[in-house]
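Enquirer: In order, the protein sequences belong to chains A and B.
Take 13 as the starting number for the first sequence in my numbering and just add one per residue.
Take 263 as the starting number for the second sequence in my numbering and just add one per residue.
Cβ coordinates follow ideal geometry from the N, Cα and C atoms, glycine included.
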Amino acid sequence: MADVEDLFDDNSEVERYSEEDEEEEEEEDVQYQKRGRADAKKSSRSKRPKTTSNFLDIEASVETDDEDYDDEDDEALGDFIVENERELATAEQDALRHRSAVRPPVFQDDDTLDADAIEAQLRERYSGYATSGTRGAPPPIDADWVPQRLIIPGINDPHLWMSRCSPGKERDVVLAAARRVLQWSSSAKYKKVYSVYCRDGLPGYIYVEARSMADAQAALEGIPGVFSSKMTLVPIDDMIDVVKVKSHMPKLNPGSWVRVRRGNYAGDLAQVVSILESSDAVEVRLLPRLDYSAQGNGRVSKRGTRPAQRLFSIEDAQRADPRTLSSRQNEILWKNDRFINGYLHKDMRIVSLQLDNVNPTLEEIAKFAAGEAGEDGDEQAAIAALANQAAAATMGGVEEANGLGARDLQQGEQVEVIEGDLAGVVGVVRSVEGNNVVRIEPELGALARGKRTGTMSFPASQLRKRFRTGDHVKVLNGRHANETGMVLDVADAVATVYTDVSKSEIRVLTKDLRVSSDIGTSAKGGESVIVGLDVHDLVHLDGNQMGIVLKAGKDMLTVLDDRNETRAVPPRAVRPARGNFERTGVDFNGNALRRGDAVREAGGSHRQGTVLQVTRFSTFIKSRDNDGAFAVRTRQVESLNARQNSLDPYATRNVRGGDRGRGRGRGGRVGSLRGGRDPLIGKTVIANRGPYKGYVGIVKDVMGNSVRVELHTNARVVNVEKDKLMVRLPSGETIPVVDYTSMPGSGAAQNTAPRKSSNSGSGSSEWGGSGGAADGGWAAASPAPSNNPGWAGASGGGDSSGWGAPSSSSRGHSDTRPTPAAAAASPGGWGTTSAASGGGSGGWDAPTPSSTGGGWDAGSSTSGAAASGWANTGNSGSGNWGTPAPITPGALPQTPGGPFPQTPGNTGGYYDAPTPGARPSDAESGFNEFFSWAKLLQSASKQSSNLNLEGHRLSTAILLRALIRVQSVPRSGTELLSFAAVVREL
Amino acid sequence: MFFHKKLTHTITLHPSFLGPRMREFVTKRLYKDVEGTCTGRYGYIIAVVAILEIQIGKIIPGLGSAEFEVKYSAILFKPFRNEVLDAVVDSVSKIGFLANAGPLRIFVSQTLIPADMKLDMNSNPPSFHSDDQKIEKGTLVRVKVNGARVDATNIIAIGTIKEDYLGVIE
């Protein structure tokens, strides 16, 4: 790899000069300076008179040695201006190889050979190589890339000898040896020495590439500082390592942060502006440390305290040294320094920069970014992003602030090798080891067919996470932490992600992404988030205005107020609305409006969407069309849910009857445990079927058969049918909601005995407590189905446990249509009716408060017969027996309907309503009231068939209400007609 | 892609429905329950084609409700990666446009729209247009699905028109 000529370039200082007049010229004119190592620094800085020569020889440099320059700074190399000389880039070996092919060799000054002659010589010298491999010959510029594997040295190649020398003398020795070899080549004393070189990082060693040891020794013999007698052969396997160049280049990108190693700006943070074509130098920008009062070149000597970092000030410069101040476009030149926007722009060699472990602190970046204040927001945002990124890297302790750390990787992630021999290989992370080493299993596709692919180790910095468009990802770190979305586009290490929640595009480093199926709830980012405020939360703004949060930024909220205006406010300007109750509103049609309802604007453009938040005055709606939010007056919103419900055969009752029924129920259930609140509210439930299967949430409200559940996962409120839910009890057990609601005391203190176990067998012992006479009634329960052929048929067998269910299920079908069984006039039939409609909370609760005593006789006369009917229904829920017993002690011995309390007992809350237990009055009278109503109802339902009301949905509740209205059972024709009218009205 | 598939669904009927019109209830309930729903496994259930069998209902012990297992065949729609779909543009925003392919919403980002199509938010309605084509609300486009996120209740897909033969359908 290292040719003899290269030696010179190796040692040469190559610089880039800014040139005033020829800035735009076509191609980079590279200039070499050859020089000994010792004089490298100074000569480069020498301010030369105008010269037409493109080539400076060693001697010329040496001459300048004597000149005294007070400035020792290495990084000042590129700053001065020399006319007619081009900015010069460095010599990396590979670049040089190319160069040697296209321009005259550098030692033209030393030798008299012209370019052609040297080229011919080179061809001749390396012609032997071609047969043994492609090695050595400069590859044609457009040649296909030759895999590195094919050019590793073999036994036919020249060998490599290693020799010791005095540390620090390596370059001198190499130069001396090179001259000697060159002399040989022009004389007859030609020896096969191909290269002599040293490693900068390996002091005290010289390598000589030659065919034989004698040749190698001859090349070094007699050169001071070298111990040529002790030469060791480098094993072929190690030869590659000797010349391996540790590459830093791929990490450096415009915008990345570096630190200056030496000089006035040592330790200062700098930002790469651009990478110069030579790829050995970069243009960086720094906060200048200028001492305007200083004489000379404006920089302070090393011994003095260095001035503070401050943006360049034209005024100060004008005052201090107006002569050297000039400006061109947006650049200002002063004392050979270039300033743009107050920043010092310098071309610096990469070696003089620290690329790793930069870890810029936020203060440094803030200071750096302060100069951007006057510029457009874009750049500021870019800086903010950089700051974030740098901060994230610092916090994570990632070794390389710019690259991927092993800690970012997880087993199973797809990665791509971006550096090294295997660049481009795609694989899956198998394990992450210490030292930032990652084992990956490469996916070789067809190559690996039939073969078992092993794993390979890579440093994490050589890997990059790989994502395909369409992958669903989660952001792990940075400003967008916790956001999720789909990958739209991946360009190098930056992915564009379409977020799930905010429906916007964000740009994120791939190292901060991970494939994930969860859906982020908000734009919450790490610690910078305003506590307690989430997207779409309702907030109080100034005055009486309310709004919702559209975006919760770092220290700014975007809020949509109720006038439909979006504004950005600091978080302290808003007050979160109290959220422990559910706000509702009344819509255009008088229907209740809640969060999550599908709605439509009643006027205007009829925009549709779902309700995000409701206040009394305004409703915030998430548009169906573009997912944006808008505010509408609550009165101008039309709920679509209400309409949908009316189409639903199940839900007809839910909205109206159910709600009203519940409303009345509250009045009746004075003594109930929770003041009329559904026991289910506030309970944690799990959906076990349906689209929300597996979701966990808290019950917010119960509306008939459907339950509004706030999901744990994303705080959405959804409607779920009761039968698809299970209640999670404090004990961790789960029972179906329908079972739960039927438990007295809402199951809170109850030993969760599901009704199944409480069938007749186990029930009998509890019966004992209420009196032996009741046993007969209980026994009568068993043949219940035979009393009710209609039911038996419908329920396919009519087993007794099935019978128990309807009476206890509180599904809110308060206006169950009259079933055939209900029409049957038998006492058993009556029992059935009550059982079927037992769930109708409104139905049962309603009559109680307004019940009259008039039905007493009727009730008592049928009580005996009804008893068996009641017993039928009563055979379930014996576990509840204990509860009602103490409340109605008087009732039990007196009426054969002793089992009666059991039935309402099943239904938990309902129990309290119809029975007198809630009242101080006499238990008996309560019973009889009840029975009188039962009787009334029975006859009413009988009558209803004569009323030509079949077209109407005659629910028990409606019948009862109608009965209450007319105060008696219609018997005469007029009574019937008025009754029918009432029913229709209802 | 569309599929015709036999599926089963269990319907629970409250005892109050266990009457003469029971089958009708079950059928209605099935349509209501499954049509228009979306599952991760099968995608959208577009329509129930036929009810193949309604099994004899079983009373749930202790509950009284009856469970019917219904076998039915339905047309399913499930989007796949790299599938090409025709869609109707629903809205155009500055980050791209949303198109509907039946029940499926496809988002096409600006990065996945050919560079020659420029966004013009000032036109009414907002549109992307190149010299000879225009994408605005209502335009028919041919979109390739790049990826889909499957929720419990819906599927959101992203698509591209930045390939040959994709884009506005004349």
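So with CB distances below 7 Å, who are the chain B contacts of residue 750(A)?
Expert: If you number the first sequence from 1, residue 750(A) lands on position 738. What residue 750(A) touches in chain B: 325.
Enquirer: Considering Cα atoms alone, identify which of 248(A), 250(A), 193(A), 197(A) is closest to residue 229(A).
Expert: Translated into positions along the first sequence, residue 229(A) becomes position 217. Considering only alpha carbons, the answer is 193(A).
Enquirer: Here's a check: name, in chain order, each residue in its chain whose Cβ is nearer than 8 Å to the Cβ of residue 421(B), leaving out the five neighbours to either side.
Expert: Along the second sequence, read from residue 1 onward, the residue named residue 421(B) stands at position 159. Hits under 8 Å: 347, 349, 361, 368, 369, 370, 374, 405, 406, 407, 408.
Enquirer: What residues of chain B sit near residue 500(A), judged by a beta carbon separation below 7 Å?
Expert: One-based indexing of the first sequence puts residue 500(A) at position 488. Correct list: 371, 373, 374, 420.
Enquirer: Between the C-alpha atoms of residue 514(A) and residue 548(A), what's the straight-line distance to the nearest angstrom?
Expert: Taking the first residue of the first sequence as position 1, residue 514(A) is located at position 502. Taking the first residue of the first sequence as position 1, residue 548(A) is located at position 536. The straight-line gap from Cα to Cα measures roughly 10 Å.
Enquirer: Can you tell me which of 651(A), 692(A), 740(A) puts its alpha carbon nearest to the alpha carbon of residue 707(A)?
Expert: Reading the first sequence from its first residue, position 695 is the one you call residue 707(A). With distances taken between Cα atoms, residue 707(A) lies closest to 740(A).
Enquirer: Determine the burial state of residue 659(A): buried for a count of at least 16 other Cβ atoms within 10 Å of its Cβ, exposed for fewer.
Expert: The residue you call residue 659(A) lines up with position 647 of the first sequence. Low per-residue confidence applies at residue 659(A): pLDDT is 40, beneath 50, and the placement is therefore not dependable, though the value from the model is reported in the following sentence. So residue 659(A) ends up on the exposed side.
Enquirer: Could you have a look at residue 434(B) and say whether DSSP puts it in helix, strand or coil?
Expert: As displayed, chain B neither begins before 263 nor continues past 432, which places residue 434(B) out of reach and without an answer.
Enquirer: Can you pull the chain A residues whose beta carbon is under 9 Å from the beta carbon of residue 408(B), in chain order?
Expert: Translated into positions along the second sequence, residue 408(B) becomes position 146. The contacting residues are 480, 481, 482, 498, 499, 500.
Enquirer: Leaving out the 5 sequence neighbours to the left and right, which residues in its chain are closer than 7 Å to residue 628(A) when beta-carbon positions are compared?
Expert: The residue labelled residue 628(A) in the question sits at position 616 within the first sequence. Taken in chain order, the residues that qualify are 597, 646.
Enquirer: Considering just the uninterrupted stretch of the alpha helix (DSSP H) at residue 379(B), what are its terminal residues?
Expert: What you label residue 379(B) is simply residue 117 of the second sequence in a count that begins at 1. Note, residue 379(B): premise wrong, no alpha helix (DSSP H); not H, not E.
Enquirer: So that I know if they touch, is there some Cβ in chain A lying closer than 9 Å to that of residue 401(B)?
Expert: Here residue 401(B) refers to the residue found at position 139 of the second sequence. Chain A contact via Cβ: absent.
Enquirer: Residue 353(A) bridges to which residues according to DSSP?
Expert: Here residue 353(A) refers to the residue found at position 341 when the first sequence is read from its first residue. DSSP lists no partner for residue 353(A).
Enquirer: Output, in chain order, the set of chain B residues within a Cβ distance shorter than 8 Å of residue 508(A).
Expert: Along the first sequence, one-based indexing puts residue 508(A) at 496. What residue 508(A) touches in chain B: 371, 373.
Enquirer: Per DSSP, what are the beta-bridge partners of residue 618(A) in this structure?
Expert: In the first sequence, the residue the question calls residue 618(A) occupies position 606. Answer by DSSP bridge pairing: none, since residue 618(A) is not bridged.
Enquirer: When the Cα atoms are used, what is the spatial distance from residue 170(A) to residue 435(A)?
Expert: On the first sequence, position 158 is the one that residue 170(A) refers to. On the first sequence, position 423 is the one that residue 435(A) refers to. One C-alpha to the other measures close to 29 Å.
Enquirer: Can you give me the C-alpha to C-alpha distance between residue 503(A) and residue 137(A), rounded to a whole angstrom?
Expert: Here residue 503(A) corresponds to residue number 491 of the first sequence, with the count starting at 1. Here residue 137(A) corresponds to residue number 125 of the first sequence, with the count starting at 1. Approximately 45 Å between the Cα atoms of the pair.
Enquirer: Output, in sequence order along the chain, the residues in the stretch 695-728 of chain A whose CB is closer than 9 Å to any CB in chain B.
Expert: Listed by position, the residues of the stretch 695-728 of chain A near chain B (Cβ gap below 9 Å) are 701, 702, 703, 704, 705, 706, 707, 717.
Enquirer: Give the interface partners of residue 357(B) over in chain A, defined as CB-CB distance under 7 Å, in chain order.
Expert: Here residue 357(B) is taken as the residue at index 95 of the second sequence, counted from 1. Within 7 Å Cβ-Cβ: 516, 517.
Enquirer: Give the residues from the stretch 267-296 of chain B that approach chain A closer than 9 Å (Cβ to any Cβ), ordered along the chain.
Expert: The residues in question are 272, 274, 276, 277, 278, 279, 280, 281, 282, 284, 287, 290, 291, 294, 295.
Enquirer: Could you check how far apart the C-beta atoms of residue 441(A) and residue 476(A) are, in whole angstroms? I think they sit under 8 Å.
Expert: In the first sequence, counting from the first residue as 1, residue 441(A) sits at position 429. In the first sequence, counting from the first residue as 1, residue 476(A) sits at position 464. With a Cβ gap of about 12 Å, residue 441(A) and residue 476(A) do not count as contacting.
Enquirer: I need the straight-line Cα distance from residue 555(A) to residue 577(A), nearest angstrom please.
Expert: What you label residue 555(A) is simply residue 543 of the first sequence in a count that begins at 1. What you label residue 577(A) is simply residue 565 of the first sequence in a count that begins at 1. Roughly 15 Å between the two C-alpha positions.
Enquirer: Could you tell me which chain A residues have their CB closer than 8 Å to the CB of residue 404(B), listed as they occur along the chain?
Expert: Locating residue 404(B) in the second sequence gives position 142, counting from the first residue. Chain A residues near residue 404(B): none, gap ~17 Å exceeds 8 Å.
Enquirer: In whole angstroms, what separates the C-alpha of residue 208(A) from that of residue 448(A)?
Expert: The count along the first sequence starts at 1 and reaches residue 208(A) at position 196. The count along the first sequence starts at 1 and reaches residue 448(A) at position 436. Approximately 35 Å between the Cα atoms of the pair.
Enquirer: Terminal residues of the continuous beta strand (DSSP E) containing residue 174(A)?
Expert: Taking the first sequence and counting its residues from 1, the one referred to as residue 174(A) is at position 162. 171-177 is the span of the beta strand (DSSP E), which, as asked, contains residue 174(A).
Enquirer: Could you compute how far the alpha carbon of residue 269(B) sits from the alpha carbon of residue 704(A)?
Expert: For this step, residue 269(B) is matched to residue 7 along the second sequence. For this step, residue 704(A) is matched to residue 692 along the first sequence. Answer to the nearest angstrom: the Cα atoms are 19 Å apart.
Enquirer: Counting Cβ pairs, one atom from each stretch, are 3 or more of them under 8 Å apart for the stretch 477-491 of chain A and the stretch 522-530 of chain A?
Expert: Touching, per the Cβ criterion.
Enquirer: Does the stretch 312-321 of chain B come close enough to the stretch 332-344 of chain B to have 3 or more Cβ pairs within less than 8 Å?
Expert: Segments in contact, yes.
Enquirer: Measure the alpha-carbon distance for residue 634(A) versus residue 571(A) and round it to whole angstroms.
Expert: If you number the first sequence from 1, residue 634(A) lands on position 622. If you number the first sequence from 1, residue 571(A) lands on position 559. Answer to the nearest angstrom: the Cα atoms are 14 Å apart.
Enquirer: Within 10 Å of its beta-carbon, does residue 423(B) have 16 or more other beta-carbons around it, so buried, or fewer, so exposed?
Expert: Indexing the second sequence from 1 puts residue 423(B) at position 161. The residue in question, residue 423(B), is buried, as its Cβ has 16 or more Cβ neighbours within 10 Å.
Enquirer: Please report how far the alpha carbon of residue 278(A) lies from the alpha carbon of residue 284(A), in whole angstroms.
Expert: For the purposes of this step, residue 278(A) is taken as the residue at position 266 of the first sequence. For the purposes of this step, residue 284(A) is taken as the residue at position 272 of the first sequence. Straight-line Cα distance between these residues: approximately 16 Å.
Enquirer: Would you tell me roughly how many angstroms separate the C-alpha atoms of residue 719(A) and residue 752(A), rounded to the nearest one?
Expert: Counted from its first residue, the first sequence places residue 719(A) at position 707. Counted from its first residue, the first sequence places residue 752(A) at position 740. Their backbone Cα atoms lie some 13 Å apart in a straight line.
Enquirer: Look up residue 366(A) in the DSSP assignment and give the residues it is bridged to.
Expert: What you label residue 366(A) is simply residue 354 of the first sequence in a count that begins at 1. Answer is 271(A).
Enquirer: Residues of chain A with a CB under 7 Å from the CB of residue 303(B): which are they?
Expert: To locate residue 303(B), count along the second sequence from 1; it is residue 41. Under the 7 Å cutoff, chain A gives no residues; its nearest Cβ is about 12 Å from residue 303(B).
Enquirer: Measure the Cβ-Cβ separation of residue 288(B) and residue 310(B) and say whether it is below 9 Å.
Expert: Sequence index remark: in the second sequence, residue 288(B) carries index 26 (1-based). Sequence index remark: in the second sequence, residue 310(B) carries index 48 (1-based). No; because the gap between Cβ atoms is not below 9 Å, this pair is not in contact.
Enquirer: Please classify residue 304(B): does DSSP put it in a helix, a strand, or coil?
Expert: Here residue 304(B) refers to the residue found at position 42 of the second sequence. The answer is coil: DSSP assigns residue 304(B) none of H, G, I, E or B.
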